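Undergrad:
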Amino acid sequence: MVQVIISDTLNNEISKIIDKIFERYEIKNRIRDKKVLVKPNILGSFPPERGVTTDPKLISAIVKNLKKCKAKEIIVGDNSGSIHFNPLKIAKVTGILAASDGCFTNIAKEVVEIKVKSKFIDKLFISKPVIEADYIINVPKFKTHGLTTITGAIKNMFGIIPGGKKAQLHTLTRSINEFAELLVDIYQIRVPDLNIMDAIIGMEGGGPTNGKPRVINKIISSDNGISLDSVMATMMGLKPESIELFRVSLIIT
Numbered sequence: 001m002v003q004v005i006i007s008d009t010l011n012n013e014i015s016k017i018i019d020k021i022f023e024r025y026e027i028k029n030r031i032r033d034k035k036v037l038v039k040p041n042i043l044g045s046f047p048p049e050r051g052v053t054t055d056p057k058l059i060s061a062i063v064k065n066l067k068k069c070k071a072k073e074i075i076v077g078d079n080s081g082s083i084h085f086n087p088l089k090i091a092k093v094t095g096i097l098a099a100s101d102g103c104f105t106n107i108a109k110e111v112v113e114i115k116v117k118s119k120f121i122d123k124l125f126i127s128k129p130v131i132e133a134d135y136i137i138n139v140p141k142f143k144t145h146g147l148t149t150i151t152g153a154i155k156n157m158f159g160i161i162p163g164g165k166k167a168q169l170h171t172l173t174r175s176i177n178e179f180a181e182l183l184v185d186i187y188q189i190r191v192p193d194l195n196i197m198d199a200i201i202g203m204e205g206g207g208p209t210n211g212k213p214r215v216i217n218k219i220i221s222s223d224n225g226i227s228l229d230s231v232m233a234t235m236m237g238l239k240p241e242s243i244e245l246f247r248v249s250l251i252i253t
């Protein structure tokens, strides 16, 4: 049975919340001596209070727990929204570099070409660490999105693709429905093992970058990204079935 856990950060330390999430999903047994990729949302050079990128406090707590669990290797990384962005600079501004405690990696440096089951593409270049990881923790942001309505667990995995390639993929679809279908196809390349959503400071309105920050003080977790996105949409006051990305995900997966 799929569970989505909503944790309150207002009265609880983030580190203790992550402790409980790791215990609930038996992370210690799953990642010991394994290679783990932590995939935050590092869209661009925005400080945490803007609500655009994953909160560094959450990344710090995840990395510390992974180290306690004796993961063989921990990589924290994401592909930003453009090839013109400097990954190290973005990591510094967002606070992710310091929070990663030596585990941040520019995952755009090494890419591999893989086959994709999609009517839009038959192959795609993605970051090599995604394929090499034994376990992936997807750490998306609680935000609205001007095109796809929401940007959560499913869309965060669009970040496994180097920046310039993402822009090209936008041109291959002719409607929101088709783009949603492509996003789900990419999500299924490597479905995350665990999703821990940052809803500490979310975003409403003109997301993913120009919306209004909103304090929510929540962390939402699930081993099913589609279910997590459904809960996020409901918390936003939206009907999940009205969102193309969610409808398509139920049909394809």
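When we follow full-length UniProt numbering, the leftmost residue of the sequence shown carries the number 1, and every step to the right adds one.
Glycine included, C-beta positions come from ideal geometry on N, C-alpha and C.
These figures come from a predicted structure and were not determined experimentally.
1) Where does P87 land, buried or exposed, given buried means 16+ other C-beta within 10 angstroms?
2) Can you tell which of A99, D198, G146, V130 has the C-alpha that lies nearest to the C-alpha of I114?
3) By DSSP, does D55 sit in helix, in strand, or in coil?
4) Thinking just about the alpha-carbon of each residue, which of K141, K89, R30 is nearest to the one in I201?
5) Let me know the beta strand (DSSP E) ranges lying completely inside the region 117 to 169, each 3 residues or longer, listed in chain order.
6) In the DSSP output, which residue or residues are listed as bridge partners for R247?
7) Starting from the Cα of A98, find the closest Cα among G159, S118, A61, G163 and give me that residue.
8) Taking the beta carbon of I219 as the centre, do at least 16 other beta carbons fall within 10 Å, making it buried, or is it exposed?
9) Could you give the first and the last residue of the continuous beta strand (DSSP E) run that contains L37?
10) L88 by DSSP, collapsed to three states: which one?
11) Between F120, L58, K143, which has its C-alpha nearest D101's C-alpha?
12) Using DSSP with H/G/I as helix, E/B as strand and the rest coil, what is K212?
13) The alpha helix (DSSP H) with V2 in it runs from where to where?
14) Is S242 buried or exposed, if buried means 16 or more other CB atoms sit within 10 Å of its CB?
15) Which two residues bound the contiguous alpha helix (DSSP H) that contains I75?
16) Grouping DSSP H, G and I as helix and E and B as strand, with all else coil, what is R30?
17) Relative to the C-alpha of D122, which residue among A133, V76, L147, L172 is closest?
TA: Let's see:
1) The sequence position of residue 87 within the sequence shown is 87, counting from 1. Buried, since its Cβ has 16 or more Cβ neighbours within 10 Å.
2) Here the question's residue 114 lines up with position 114 in the sequence shown. Checked all of A99, D198, G146, V130; the closest Cα to I114 is V130.
3) Counting from one through the sequence shown, the residue named residue 55 turns up at place 55. Reduced to three states, the DSSP call for D55 is coil.
4) Residue mapping note: residue 201 aligns to position 201 of the sequence shown, counting from 1. I201 has its Cα closest to that of K141, out of K141, K89, R30.
5) 123 to 127, 135 to 139, 141 to 145, 149 to 151
6) Sequence index remark: in the sequence shown, residue 247 carries index 247 (1-based). Partner(s): none; R247 has no beta bridge.
7) Against the sequence shown, residue 98 aligns to sequence position 98. Checking every option, the nearest Cα to that of A98 belongs to A61.
8) Stepping through the sequence shown from its first residue, residue 219 is reached at position 219. Label assigned to I219: buried.
9) Locating residue 37 in the sequence shown gives position 37, where the first residue counts as 1. L37 -> beta strand (DSSP E) spans 35 to 40.
10) As a first step, residue 88 is located in the sequence shown; it is residue number 88 there, counting from the start. The answer is helix: DSSP assigns L88 an H, G or I state.
11) Taking the first residue of the sequence shown as position 1, residue 101 is located at position 101. Measuring from the Cα of D101, the nearest candidate turns out to be L58.
12) As a working note, residue 212 is residue 212 in the sequence shown. Of the three classes helix, strand and coil, the one that applies to K212 here is strand, per DSSP.
13) Translated into positions along the sequence shown, residue 2 becomes position 2. Counting along the chain, V2 falls outside any alpha helix (DSSP H), and DSSP gives it neither H nor E.
14) Reading the sequence shown from its first residue, position 242 is the one you call residue 242. The residue is exposed, with fewer than 16 neighbouring Cβ atoms inside 10 Å.
15) As a working mapping, residue 75 is identified with position 75 in the sequence shown. No alpha helix (DSSP H) contains I75, which is instead part of the beta strand (DSSP E) from 73 to 76.
16) Along the sequence shown, one-based indexing puts residue 30 at 30. In the structure shown, R30 sits in a helix (DSSP, three-state: H, G or I).
17) For the purposes of this step, residue 122 is identified with residue 122 of the sequence shown, where counting begins at 1. Among A133, V76, L147, L172, the Cα nearest to that of D122 is on L172.
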